[in-house]
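Right, one structure below, let's go through it.
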Amino acid sequence: MASDQDFVDFACDQMSGAGLVWARKMFGEYALYLDGKVIALVCDNQLFVKPTDGGRAFIGRVTEGSPYPGAKPQFLVTEQLDDRDWISQLIRITHAELPLPKAKTPRKTQKASHA
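Under the working numbering, the first residue of the sequence shown carries the number 9, and numbering increases by one thereafter.
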């Protein structure tokens with residue numbers, strides 16, 4: 009089941025205390041970004057935050073889940089999403105610990121050979 013845009017918008021708004029969080033649709037679900045880093049996924053109207061040591065320490069009793077089959081476990085955030093200050097702090101901590109995405113190298117185009 010795909011996630012609802014309303015849920016995605018709500019999640020982004022709740023995290024706004026961390027900065028401008030925006031969503032990109034991917035394979036029927038959503039990746040959430042802050043300053044170019046993927047900080048969370050929304051799958052089946054559930055919020056999965058990228059796991060970090062600081063995030064784990066902040067949360068305390070962590071509930072983990074996989075956003076899709078074969079994915080690494082991530083922090084599953086449920087009721088805490090309603091607490092704007094709490095979720096914004098978790099996202100700030102997560103963002104600070106995640107590495108910058110690797111720069112993409114341009115694809116080489118093959119020239120058509122004339123026979």
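Backbone N, C-alpha and C define an ideal beta-carbon position, used for all residues, glycine too.
Item to check | R69: first and last residue of the uninterrupted alpha helix (DSSP H) it sits in | outcome: Judged by DSSP secondary structure, R69 falls outside any alpha helix (DSSP H); it is assigned neither H nor E.
Checklist entry - Within this structure, are the beta carbons of L89 and E72 separated by less than 9 Å? => result no
Next on the checklist: Beta-carbon within less than 8 Å of E37's beta-carbon, same chain only, minus the 5 sequence neighbours each way: which residues are those?
Outcome noted: A10, S11, L49, V50, C51, D52, P75, Y76
Next on the checklist: With three or more C-beta pairs closer than 8 Å as the rule, is the region 108–119 touching the region 91–100?
Outcome noted: At 8 Å Cβ cutoff, the stretches do not touch.
Checklist entry - Per DSSP, which one or two residues make a beta bridge with F56? => result L49, L84
Next on the checklist: Taking the straight line between their C-alpha atoms, what separation do you get for L98 and F66?
Outcome noted: Distance between the alpha carbons of L98 and F66 is about 7 Å.
Checklist entry - Which two residues bound the contiguous beta strand (DSSP E) that contains L98? => result Note, L98: premise wrong, no beta strand (DSSP E); alpha helix (DSSP H) at 92–105.
Item to check | Cut-off 6 Å between Cβ atoms - residues of its own chain near V16, not counting five sequence neighbours on either side | outcome: A31, Y38, V50
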